[in-house]
Each structure stands twice: as structure tokens, then as C-alpha cells.
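Heads up, the thing below is written out as C-alpha cells.
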Amino acid sequence: MERIGVRELRQHASRWLRRVADGECYEIAVRGVPVARLGPPAPDGGVLERLASEGLADPPSEGLSAALDRLGLPIEGSPVSERLAALRRDER
1190 MERIGVRELR
1200 QHASRWLRRV
1210 ADGECYEIAV
1220 RGVPVARLGP
1230 PAPDGGVLER
1240 LASEGLADPP
1250 SEGLSAALDR
1260 LGLPIEGSPV
1270 SERLAALRRD
1280 ER
């Protein structure tokens, strides 16, 4: 697999994405250290779908919030949005 630097990717993103659209895969490196892979999406929709088709996993039957509600975990304290707003105010 060909390795490209993040600077090269940033400067010529369109060129690399055209090559990915043609089916090629690349390893992205930051300062010579591989950090990601760039390639076309899985043809079957992804890992979960493949595992489900092989009978090795069950797809989710409900959304995350519904699953968390079903667990009935107590939520204490102020909402995260309020805490973030307070942190942002403190940074000013």
C-alpha cells in the first residue's frame, strides 16, 4: 500500500480522492508514522452488515438513546451543554 504524507494529501486532495474513487487505497502518515488509511467504502455497507450476513452479529434493533433509556441509568448533575457553556465563559 502506497504511503502519502498528510501535507501531500492536503495540497492535492482532489487528485488522491479521484484515485480512491478508482479503487486504490493509501496509508496516510504524519511525520512518517502511519495514522490512517484512505480507501473506497466497503462494497457491502460495512463490517456490521458483513458480520450480520454471516450470522456473527445482530444489527441494532433500536437507537442508542432508546437503549440507554431502557437501561434506566441514573443521570446526575447538570447537562453537558451547560457545563460546556460554563467552561467557554471561563476561558474568556
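In the working numbering, the protein residues as written are 1190 to 1281. Cβ atoms here follow ideal geometry from the backbone N, Cα and C, with glycine treated the same way.
In the DSSP annotation of this structure, the continuous segment of the beta strand (DSSP E) that includes Leu1227 starts and ends at 1222–1227.
If you look at Arg1207, you'll find it in the alpha helix (DSSP H) that goes 1202–1210. For Ala1256, the enclosing alpha helix (DSSP H) has its first and last residue at 1253–1260.
According to the DSSP assignment, Glu1191 belongs to the beta strand (DSSP E) that extends over 1191–1194. Ala1246 is a Cβ neighbour of Leu1237, given a cutoff of 8 Å.
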